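First residue of the sequence shown: 662, per our numbering; consecutive thereafter.
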Amino acid sequence: MFGLGPATRIYVALGTTYLRKGFDGLHGLVRDNLGLEVRSGHLFSFANARRNRLKILYWDGYGTLAIKPLLDQIKSAIQTARAEALPKSVLAKACNYTLTLWIRLTRFLAHSELELSNNLAENAIRPVALGRRNWIHIGSEQAGPRVAAIISVVETCRRLKIPIRDYLCSVLPGLANFPINRIAELTPAAWLARN
662 MFGLGPATRI YVALGTTYLR KGFDGLHGLV RDNLGLEVRS GHLFSFANAR
712 RNRLKILYWD GYGTLAIKPL LDQIKSAIQT ARAEALPKSV LAKACNYTLT
762 LWIRLTRFLA HSELELSNNL AENAIRPVAL GRRNWIHIGS EQAGPRVAAI
812 ISVVETCRRL KIPIRDYLCS VLPGLANFPI NRIAELTPAA WLARN
């Protein structure tokens, strides 16, 4: 059982909703039809065509409640499959692998800033992966981490809709003399907050 805050509004979808849509699909419906975010603190209710199943999305500040029961069911099914499988079988190894990483897989429930999928990261590194052959001439072992750091900054700027040239022109000139204990002030998010 959970309590709703005094400012919480309840939105009920009167039409039929395809309940196999995941979090992203239902979030898209809420955003497109209501112009709201699921994490806005309001409760969103969806029903299937027969009206015998209901899916509720409510962000309680810690995790999306509609996702947690589903993850609990998945974990239970994995534990059951592991108990029924032979210890050295491929299924048992897959189950053990998943259960070993379960805390990492469910971390997004406790931290709202984490994404439910890695699509943004995948799209951000796609140009790097495609251009890898063209960059063979870099020729240094230290180049990989440096290129990763540069691309991380550039992609963060893109995600925050910061003009990359403006950010770099503002940050790079004073970088050599900047104290290392204040380096967090130079991140794109901090720069955006100041400008």
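Ideal placement from N, C-alpha and C gives every residue a C-beta, glycine not left out.
Note that this is a predicted model, so its numbers are computed, not measured.
ask   = At what residues does the beta strand (DSSP E) containing Y758 begin and finish?
value = Taking the first residue of the sequence shown as 1, we reach residue 758 at position 97. It is not in any beta strand (DSSP E) - Y758 instead sits in the alpha helix (DSSP H) that spans V751 to T761.
ask   = W720 and G702 look like a contact to me (Cβ under 8 angstroms); what is the Cβ gap, rounded to whole Å?
value = In the sequence shown, the residue the question calls residue 720 occupies position 59. In the sequence shown, the residue the question calls residue 702 occupies position 41. That belief holds up - the Cβ atoms of W720 and G702 are roughly 6 angstroms apart, short of 8 angstroms.
request  = Can you tell me which of the three DSSP states T669 falls into?
outcome  = In the sequence shown, the residue the question calls residue 669 occupies position 8. Looking at T669 - three-state DSSP - the assignment turns out to be coil, as it is neither helix nor strand.
task = Can you give me the start and stop residues for the alpha helix (DSSP H) that S813 sits inside?
result = In the sequence shown, counting from the first residue as 1, residue 813 sits at position 152. In this chain, the alpha helix (DSSP H) harbouring S813 covers A804 to R820.
ask   = Straight-line CA distance for L833 to C818?
value = As a working mapping, residue 833 is identified with position 172 in the sequence shown. As a working mapping, residue 818 is identified with position 157 in the sequence shown. If I take the Cα positions, the gap works out to 14 angstroms.
query = Nearest CA to the CA of K716: which residue from V808, L687 and W852?
reply = Translated into the one-based positions of the sequence shown, residue 716 becomes position 55. Minimum Cα distance to K716 is reached at L687.
CB of I641 within 7 angstroms of CB of L853, strictly = Any property of residue 641 remains undetermined from this structure, which presents the chain solely from 662 to 856.
ask   = Apart from the five residues just before and just after R807, which ones in its own chain have a Cβ nearer than 6 angstroms to its Cβ?
value = By 1-based counting over the sequence shown, the position of residue 807 is 146. Excluding the 5 residues flanking it on each side, R807 has no same chain C-beta neighbour closer than 6 angstroms.
inquiry  = Along the chain, where does the beta strand (DSSP E) containing A708 start, and where does it finish?
reply    = Working through the sequence shown from its first residue, we reach residue 708 at position 47. DSSP places A708 inside the beta strand (DSSP E), whose first and last residues are L704 to A708.
message = Please state whether the Cβ-Cβ distance between I671 and L704 is less than 7 angstroms.
response = The sequence position of residue 671 within the sequence shown is 10, counting from 1. The sequence position of residue 704 within the sequence shown is 43, counting from 1. Their beta carbons are under 7 angstroms apart, which means I671 touches L704 by this criterion.
query = Do you know offhand how far G676's Cα is from L829's?
reply = The residue labelled residue 676 in the question sits at position 15 within the sequence shown. The residue labelled residue 829 in the question sits at position 168 within the sequence shown. So the two alpha carbons sit approximately 49 angstroms from each other.
request  = With V881 as the anchor, note down where its alpha helix (DSSP H) starts and where it stops.
outcome  = What the structure shows of the chain is the stretch from 662 to 856, and residue 881 is not part of that stretch, so it cannot be assessed.
query = Going by beta carbon distance, what residues of the same chain come within less than 7 angstroms of M662, once the five residues before and after it are set aside?
reply = The residue you call residue 662 lines up with position 1 of the sequence shown. Low per-residue confidence applies at M662: pLDDT is 37, beneath 50, and the placement is therefore not dependable enough to give any value.
Terminal residues of the alpha helix (DSSP H) in which W720 lies = As a position in the sequence shown, residue 720 is number 59, starting the count at 1. Note, W720: premise wrong, no alpha helix (DSSP H); not H, not E.
ask   = What do you get for P849, buried or exposed, if any count of 16 or more other CB atoms within 10 angstroms of its CB means buried?
value = By one-based count along the sequence shown, residue 849 stands at place 188. Burial check for P849: the Cβ neighbour count within 10 Å reaches 16 or more, so the residue is buried.
Identified DSSP bridge partners for K716 = Taking the first residue of the sequence shown as position 1, residue 716 is located at position 55. Note: K716 sits in a beta bridge opposite F707.
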